[in-house]
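Straight run, no breaks: the sequence shown in full-length UniProt numbering ends on number 304.
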Amino acid sequence: MQFLNSELATSNQLVKECLKDKEKLLCEIEILTKKLVDSGETERLVKQELSASKLKVDELIQEKQSLLDQLRKSFVEKAKLEEISCDENMRTTTVEKIVSDKEVERLKEELAQKQKEITSLLLKEANTNVLVSEAQQKIDLCNELEEHWRNKELAMSEVIDDLNTQLEQAKARTQNEEIDSLRKELAFSHSIIADQKRKEIELQQKIDSLISLPAGLVTGTAPREKKPRKYCDICEVFDQHESEDCPNQEVYDVSNPHKFRKHPIEEREYCDHCEGDTFFISVFGHDTFACVAQEHQNKNDSTF
1 MQFLNSELAT
11 SNQLVKECLK
21 DKEKLLCEIE
31 ILTKKLVDSG
41 ETERLVKQEL
51 SASKLKVDEL
61 IQEKQSLLDQ
71 LRKSFVEKAK
81 LEEISCDENM
91 RTTTVEKIVS
101 DKEVERLKEE
111 LAQKQKEITS
121 LLLKEANTNV
131 LVSEAQQKID
141 LCNELEEHWR
151 NKELAMSEVI
161 DDLNTQLEQA
171 KARTQNEEID
181 SLRKELAFSH
191 SIIADQKRKE
201 IELQQKIDSL
211 ISLPAGLVTG
221 TAPREKKPRK
231 YCDICEVFDQ
241 HESEDCPNQE
251 VYDVSNPHKF
261 RKHPIEEREY
271 CDHCEGDTFF
281 ISVFGHDTFA
291 CVAQEHQNKN
301 DSTF
């Protein structure tokens with residue numbers, strides 16, 4: 001564009017010079033015309049010069065017009081070339097912008113995906129920590145229950161020793177009814193001890209299973225459905241048979257249920273909570289409202 005403007009300015013300068021020459025020639029023609037008035041010869045010569053000057057002026061005008069046409073043509077061609085170049089640059093810039101936008105969008109999506117992965121990992125870590133904490137609490141509870149069972153077993157052993165002592169004393173006194181009563185109590189105690197030993201084995205197996213399981217597989221304890229246990233009022237034993245199926249039912253006098261013992265039967269404390277959960281050892285020896293295991297479980301549930 002600067003080159004074209006320079007060429008145009010040069011052409012305008014040439015035109016101005018031609019116009020000046022034309023004015024100068026016109027002045028000379030005017031002078032010569034005045035001279036022709038005085039002399040015919042001079043007039044003829046002036047006419048010749050005038051014709052020559054007109055021809056020269058026409059040539060200059062044609063040359064100027066040709067130069068202007070060339071300048072216009074050159075200007076138009078260069079303008080078209082510059083327009084084509086600008087269009088090409090714009091297309092290139094547009095393509096580069098599209099590619100850049102796609103790359104930015106891809107990076108944004110990748111960043112969002114990474115953020116989701118980080119959030120998921122943080123949640124998994126938090127869940128793992130919670131599961132590990134729950135597993136540790138369950139292990140502590142199992143250890144506490146195991147200690148509780150040992151204490152119960154020791155207390156039950158003392159009860160058995162007391163019953164054996166009473167049995168020996170009853171034998172010495174030859175009191176048959178007292179001996180039968182003590183024998184039944186002893187058999188009942190042995191059945192409870194056997195049941196507790198079975199539960200101890202099951203508890204130990206579950207403790208070993210909890211310890212060996214990965215932390216991620218340890219979940220909260222699901223509520224268990226309590227099943228009614230078999231109980232015989234005649235034999236006073238659990239899990240053997242019902243009262244109506246008792247083989248001793250025929251010899252049992254309903255009108256006098258205490259004929260086998262002289263002293264009245266003391267009501268034993270019984271825990272409904274320990275009956276429905278195999279984790280807990282004994283259902284006798286404490287009331288449901290005074291259950292230590294239930295209080296411990298409620299405390300753990302409140303912490304979760």
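No residue lacks a Cβ here, since even glycine has one placed at the ideal position from N, Cα and C.
- Residue ranges of uninterrupted beta strand (DSSP E) with 3 or more members are absent from the stretch 147 to 213; none lies entirely inside it.
- Straight through space, the alpha carbons of GLN48 and LYS24 are spaced by roughly 17 angstroms.
- When the five nearest sequence neighbours on each side are left out, the beta carbons in the same chain lying within less than 8 angstroms of the beta carbon of LEU60 are those of CYS18, ASP21, LYS22, in order along the chain.
- Shown here, CYS235 sits in coil according to DSSP, grouped into three states, outside any helix or strand.
- With a threshold of 16 other beta carbon atoms within 10 Å, SER51 falls short and is exposed.
- Shortest Cα-Cα distance from ALA187 to any of ILE234, ILE201, LYS138 involves ILE234.
- Burial check for CYS232: the Cβ neighbour count within 10 Å reaches 16 or more, so the residue is buried.
- Residues SER11 of the same chain have their beta carbon placed closer than 6 angstroms to that of LEU67, with the five preceding and five following residues left out of the count.
- Each of GLU236, ASP87, GLU158, GLN136 was checked against the Cα of SER181, and the nearest Cα belongs to GLU236.
- With a cut-off of 8 angstroms on Cβ pairs, the stretch 189 to 205 is in contact with the stretch 154 to 169, counting three or more such pairs.
- Take the alpha-carbon of CYS246 and the one of ARG183: they are about 18 angstroms apart.
- Around the Cβ of LYS152, a 10 Å sphere holds 16 or more other Cβ atoms; the residue is buried.
- Sixteen is the threshold: when 16 or more other Cβ atoms of the shown chains lie within 10 Å of the Cβ of SER53, as they do, the residue is buried.
- When C-alpha distances from GLN205 are compared across ASN143, GLU117, ARG229, the shortest belongs to ASN143.
- Rounded to the nearest whole angstrom, the C-alpha separation of GLN70 and LYS80 is 15 angstroms.
- ALA135 is positioned such that its CB atom lies closer than 8 angstroms to that of LEU210.
- Residue state for ASN129 is assigned as helix, using DSSP reduced to three classes.
- In the three-state reduction of the DSSP assignment, CYS86 falls in the helix class.
- Residues of the same chain with a CB within less than 8 angstroms of the CB of GLU242, apart from the 5 flanking positions on each side, are LYS230, TYR231, CYS232 in chain order.
- Counting every other CB atom within 10 Å of its CB across the protein chains shown gives LEU55 a total below 16, marking it as exposed.
- Residue burial is scored here from C-beta neighbours: LEU141 has at least 16 other C-beta atoms within 10 angstroms and is therefore classed as buried.
- Here DSSP, grouped into helix, strand and coil, assigns LYS73 to helix.
- About 17 angstroms separates the Cβ atoms of LYS73 and LEU14, ruling out a contact at the 8 angstroms cut-off.
- Beta-carbon to beta-carbon, GLU185 and LEU163 are separated by about 6 angstroms, close enough to satisfy the 8 angstroms threshold.
- Comparing C-alpha distances from SER6 to each of PHE75, THR119, GLU105 shows the shortest one belongs to PHE75.
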